[in-house]
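Peer 1: Below you'll find the structure I mean.
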Amino acid sequence: MWSYLVRRLLLASVAIAGVLVIVFFLSHVIPGDPVGAILGPQAPQDLIDDLRQRYGLDRPLYEQFVRFVERLAHGDLGTSLATKRPVIRDLIEFFPATIELATASILLGVVVGVSVGVISAVTHGRWIDHAVRFFSLIGLSMPVFWLGLILLYIFYFKFGLLPGPGQLDVFLTRPPFVTGMVLVDSLIARDFDTFGNAIHHLWLPAIVLGSHALVGIARITRASMLEVLGLDYIKVARAKGLAERTVVFKHALRNALLPIITVIGIYYGGLLEGAVLTETVFSWPGLGRYATSAILSQDFAAIMGVTILIALIFSLANLVVDLAYGILNPKIRYE
Amino acid sequence: MSRTATTDAALLAQGARDRARTRSLMWRTLRNPLSMIGMIIIGLLVLVAAAAPLIATEDPLQTNVAERLAPPSRAHFFGTDTLGRDIFSRVIYGSRISLRIAILTAVIATVIGAPVGIVAGYFRGRLDDIAMRVTDMFMAFPRLILAMAIAAALRPTLENVVIAISLAAWPAYARLARSMTLGLREENFVEAARALGASPPRILARHVLPGVMSPLIIQISLDMGGIILTAAGLGFIGFGAQPPTPEWGVMISEGRNYITTQWWVSTFPGIAIALTVLGFNLLGDGVRDVLDPRLRGRIGA
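These protein sequences, in sequence, are chains A and B.
Throughout the first sequence, residue numbering follows my numbering, covering 1 to 335 in sequence.
Throughout the second sequence, residue numbering follows my numbering, covering 336 to 636 in sequence.
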């Protein structure tokens with residue numbers, strides 16, 4: 001188990017190193033001129049040169065890369081050209097909102113997805129099962145950003161059941177920054193109105209972002225449950241006269257969980273991708289929106305910072321999945 | 336010499352059997368009602384794309400400010416957008432763009448991925464290690480983020496969207512091709528070809544490639560919907576096709592600010608995307624169901 005862990009960690013770090021190289025060279029292939037974009041076309045040449053020098057943009061590429069890795073080792077991701085602040089500070093500010101959204105989405109996806117999957121498996125072949133399969137395919141086919149717009153239209157504009165875009169109502173002030181997550185911070189500040197409002201605001205984006213994960217989890221749960229429900233020990237449990245509920249939840253679901261946990265990890269990493277689109281639709285102050293504006297304004301340092309962070313989390317999620325697999329299934333204890 | 340010829344004939348016969356199996360696979364896929372529906376949707380889409388000028392009622396780029404944001408009516412089936420362009424005609428023409436992106440991406444990703452995977456899997460060793468670490472790096476990114484970065488680096492145009500998504504997609508195909516090749520290189524017919532002195536390029540092209548292609552095609556048909564969604568997402572956030580191109584993602588983004596009052600601007604292109612992706616998903620599910628009968632009616636939810 002330990003050697004497996006070390007091996008996996010090594011592999012993950014090789015991948016991350018590769019990510020650094022790809023990201024660095026990619027962001028330096030961008031044909032635009034970031035300094036020109038900031039100063040505007042009328043800027044005097046010496047001012048442009050000065051700024052280029054200050055950000056090290058006048059050095060050869062490999063030199064910039066070496067310096068970049070050196071600074072990275074010290075936790076320094078450089079300064080964002082757009083916000084004029086250290087990228088690491090930007091990330092600390094924007095990342096919690098994404099974590100909050102992604103976690104809410106995956107919770108929703110797991111709770112609803114597993115329930116729907118179990119129901120579908122238990123009613124195998126009946127109309128409930130067919131309806132679930134039909135709607136899950138429809139759900140998988142909808143673009144998340146479009147689903148977001150449609151839900152905003154229905155729940156916000158049409159019926160006013162849920163609030164519009166943003167993390168809080170505009171007249172509410174954010175609680176003091178502790179973790180950066182509004183839900184957690186408002187609890188720490190004992191500001192329950194803000195907490196309630198934040199929950200209200202979280203519903204729609206979480207549903208939208210979680211929709212694909214939900215469908216995926218429901219499908220895997222259904223397949224996994226059907227597989228397990230057909231096994232002999234379930235027949236034995238039924239023959240013993242156990243209540244159907246006990247058979248389904250205690251005997252079947254527990255063993256069906258393994259593949260479900262694998263996809264949960266994979267979907268959590270994938271949520272970061274959907275976050276870009278969902279955050280755009282819901283004006284959510286998270287990493288996705290930060291990434292979008294960084295790429296649009298050709299903000300090298302910010303682009304690299306975001307991509308590295310996302311790649312890190314992505315690899316970490318995969319790592320956790322692999323390890324969880326080993327822990328949960330004694331049959332696959334890695335040599 | 337003659338011996339080589341007979342063995343080659345035997346090997347070709349094996350290839351013909353493979354092709355026959357592929358044909359019956361298609362036949363069985365089409366017998367499944369859900370994949371039949373998928374096939375019909377895709378067929379209609381191809382038809383619409385091919386006959387777009389005949390179906391569209393107006394020029395998709397023709398602006399008409401006097402009739403801007405008109406609701407759906409007899410004159411404009413899906414209404415008009417902010418510049419008075421006919422949304423129905425734009426949705427119709429948009430099918431061409433989505434299909435082109437999907438097909439080109441599938442072709443490019445396969446053309447990069449299959450050779451890398453086959454060569455890595457056949458020769459193993461150092462080459463294999465390097466190839467697999469490179470795919471690891473690419474796969475450490477979420478696909479959309481990587482495509483965003485590439486599309487931005489290359490300037491956002493339709494062609495670059497294709498390049499971006501292909502670059503993000505090929506590693507998965509390389510992995511698949513490699514794992515198939517690992518099995519194939521131990522097969523008798525490949526070993527026979529090797530024993531007869533066939534050159535590695537010949538073995539790879541004539542004996543390994545055909546065996547790798549069908550699982551690749553199945554995987555691609557499963558990914559097609561995802562490719563279209565990614566392309567639309569790129570268009571929506573501004574990294575893909577640019578206005579005034581009638582690309583569905585761009586059209587949804589153009590209607591974003593009017594969703595409260597003029598719902599039709601974003602709604603119809605969204606339905607077009609959902610239908611197209613549904614078609615590909617149904618078809619892909621059907622193909623997989625047939626391939627893995629153990630899962631029939633199970634995963635194919």
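Ideal Cβ placement from N, Cα and C applies to all residues, glycine included.
Please read all numbers here as calculations on a predicted model, not as lab measurements.
1. If you draw a straight line from the C-alpha of A/Ser-315 to the C-alpha of A/Leu-214, how long is it?
2. Can you tell me whether B/Thr-580 is helix, strand or coil according to DSSP?
3. How would you label B/His-411, buried or exposed, when you count the other beta carbons within 10 angstroms and need 16 or more for buried?
4. Going along the stretch 458-488 of chain B in order, which residues come within less than 9 Å of chain A, judged by CB to CB distance?
5. Around the C-beta of A/Tyr-233, are 16 or more other C-beta atoms found within 10 angstroms, so that it is buried, or is it exposed?
6. Note down the Cα distance separating A/Ala-15 from B/Arg-420, rounded to an integer number of angstroms.
7. Is there at least one Cβ from chain B nearer than 9 Å to A/Ser-3's Cβ?
8. Please confirm if A/Leu-161 has its CB atom under 9 Å from at least one CB of chain B.
9. Tell me the rounded alpha-carbon separation between B/Arg-490 and A/Phe-25.
10. Say whether chain B places a C-beta atom closer than 9 Å to the C-beta of A/Phe-157.
11. By DSSP, does A/Asp-169 sit in helix, in strand, or in coil?
12. How is A/Leu-319 classed by DSSP in three states: helix, strand or coil?
13. Taking the alpha-carbon positions, what's the A/Arg-8 to A/Leu-319 distance?
14. Can you give me the C-alpha to C-alpha distance between B/Ile-500 and B/Met-371, rounded to a whole angstrom?
15. Taking the alpha-carbon positions, what's the A/Leu-209 to B/Thr-595 distance?
16. Using a Cβ distance threshold of 8 Å, determine whether the stretch 413-428 of chain B contacts the stretch 378-394 of chain B, with at least three qualifying pairs required.
17. For B/Ile-453 versus B/Leu-539, is the C-beta distance shorter than 9 Å?
18. Please confirm if A/Pro-31 has its CB atom under 9 Å from at least one CB of chain B.
19. Sort A/Leu-277, A/Ile-295, A/Ile-303 and A/Leu-253 by Cα distance to A/Ala-121 and report the nearest one.
20. In whole angstroms, what separates the C-alpha of A/Val-236 from that of A/Thr-123?
21. For B/Pro-545, name the three-state secondary structure that DSSP assigns.
22. Take A/Trp-127 and list the residues in its own chain whose beta-carbon comes closer than 6 Å to its own, dropping the five residues that flank it on each side.
23. Determine, using beta carbons only, whether A/Gln-298 comes closer than 9 Å to chain B.
24. Report the neighbours of B/Ala-499 on chain A: residues whose CB is nearer than 8 Å to its CB, in chain order.
25. Could you tell me which residues DSSP pairs with B/Asp-471 in its beta bridges?
26. Counting only the same chain and skipping the five closest in sequence on each side, list residues whose C-beta sits under 7 Å from that of B/Gly-605.
27. If we call anything under 9 Å between Cβ atoms a contact, is B/Thr-580 one with B/Ile-432?
28. Where does B/Pro-395 fall in DSSP's three states?
29. Closest to A/Tyr-62 by CA distance: which of A/Ala-239, A/Pro-44 and A/Ile-22 is it?
30. Assign A/Gln-298 to one of two classes, buried (16 or more other C-beta atoms within 10 Å of its C-beta) or exposed (fewer than that).
31. Determine whether the beta carbon atoms of B/Phe-334 and A/Ile-310 lie at a separation below 9 Å.
32. Count the other CB atoms within 10 Å of the CB of B/Thr-415; is the residue buried (16 or more) or exposed (fewer)?
33. Quick check on A/Pro-31: buried or exposed, where buried means 16 or more other Cβ atoms within 10 Å of its Cβ?
34. Does A/Pro-143 get closer than 9 Å to chain B when you measure Cβ to Cβ?
35. Rounded to whole angstroms, how far is the Cβ of A/Ile-303 from the Cβ of A/Ile-313, which I believe are closer than 8 Å?
Peer 2: Quick look at the numbers:
1. 21 Å
2. coil
3. Buried.
4. Arg-468, Val-469, Asp-471, Met-472, Phe-473, Met-474, Ala-475, Phe-476, Pro-477, Arg-478, Leu-479, Ile-480, Leu-481, Met-483, Ala-484, Ile-485, Ala-486, Ala-487 and Ala-488
5. exposed
6. 47 Å
7. no
8. no
9. 15 Å
10. yes
11. coil
12. Helix at A/Leu-319.
13. 7 Å
14. 28 Å
15. 21 Å
16. yes
17. yes
18. Only weak support is given to the placement of A/Pro-31: the predicted model assigns it a pLDDT of 48, under 50, and the value that follows is read from those uncertain coordinates. Yes, contact with chain B.
19. A/Leu-253
20. 20 Å
21. helix
22. none
23. yes
24. Those within 8 Å of B/Ala-499 in chain A number zero; the least Cβ separation is about 11 Å.
25. In the DSSP output, where bridge partners are listed per residue, B/Asp-471 has none listed.
26. Ile-587
27. Yes, the pair counts as a contact, with Cβ atoms nearer than the cut-off.
28. Correct three-state label for B/Pro-395: coil.
29. A/Ile-22
30. buried
31. There is simply no residue 334 of chain B to check, as chain B begins at 336 and stops at 636 in what is shown.
32. The Cβ neighbour count for B/Thr-415, taken over all protein chains shown within 10 Å, is at least 16; the residue is labelled buried.
33. Residue placement at A/Pro-31 is poorly supported in this model, since its pLDDT is 48, which falls under 50; the coordinates are not used for a value here.
34. For A/Pro-143, the nearest beta carbon of chain B is closer than 9 Å to its own beta carbon.
35. Incorrect: roughly 16 Å between the Cβ atoms, too far for contact.
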